[in-house]
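S.K.:
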Amino acid sequence: VSMLQLKSRFHVQLLCNLAALLVEYKQDFAEAEKCFKLALDCDPAHVNAMVNYGLLLIRRKPESTRDYFKAEQLLNKAIRTAPEKIHNGGYLLQEMILDHHTRGGQRASSPTSTTHG
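Here the sequence shown is numbered in our numbering, starting from 233 and rising by one per residue.
#1: Which class does Asp260 belong to by DSSP, given the choice of helix, strand or coil?
#2: Which of the three DSSP states is assigned to Ala252 in this structure?
#3: Per DSSP, what kind of secondary structure is Pro294 in: helix, strand or coil?
#4: Hey, out of Thr297, Lys317 and Leu287, whose CA is closest to Glu304's CA?
#5: Given Lys302, which residues of its chain have a CB within under 7 Å of its CB, disregarding the five upstream and five downstream residues?
#6: Run the CB neighbour count on Ala314, radius 10 Å, all protein chains shown included, and call it buried at 16 or more, exposed below.
#7: Counting along the chain, where does the alpha helix (DSSP H) carrying Lys317 start and finish?
#8: Going by DSSP in three states, His243 sits in which element: helix, strand or coil?
#9: Does the distance from the CB of Val200 to the CB of Leu325 come in under 7 Å?
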């Protein structure tokens with residue numbers, strides 16, 4: 233592992249942590265979303281960033297700005313990328329998306345896997 237790769241991983245994790253703080257303490261969903269997008273630009277395979285960005289998309293306020301379709305796409309990508317890394321946040325995201333679908337919400341083009349776990 234090169235120093236550049238280590239720095240990149242470190243920066244991605246910092247961006248994810250910053251996004252979490254922005255949501256938790258400032259309710260600043262727009263800035264948190266920018267952090268997650270930047271993290272995924274740096275490392276498109278970062279499962280934690282995908283899952284937490286997906287959670288942000290379906291928790292943001294006002295409710296009319298929530299994006300279940302994109303959240304489901306992120307979860308599907310996280311599952312395809314590293315199913316062994318899908319833990320509590322991934323399962324919570326999956327449950328929230330499935331709940332949305334049972335209430336008549338539209339699905340992403342690739343259905344969320346329900347067999348993992």
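The beta-carbon is built from N, C-alpha and C at its ideal position, and this holds for glycine as well.
M.R.: Taking the geometry as given:
#1: Secondary structure of Asp260 (DSSP, three-state): coil.
#2: Of the three classes helix, strand and coil, the one that applies to Ala252 here is helix, per DSSP.
#3: Coil at Pro294, not helix or strand.
#4: If we check each option's Cα against that of Glu304, Leu287 comes out closest.
#5: Contacts found: Leu289.
#6: Exposed.
#7: Lys317: not part of any alpha helix (DSSP H); DSSP gives it neither H nor E.
#8: It is helical.
#9: Since the first residue shown for the chain is 233 and the last is 349, residue 200 is missing from the structure and cannot be characterised.
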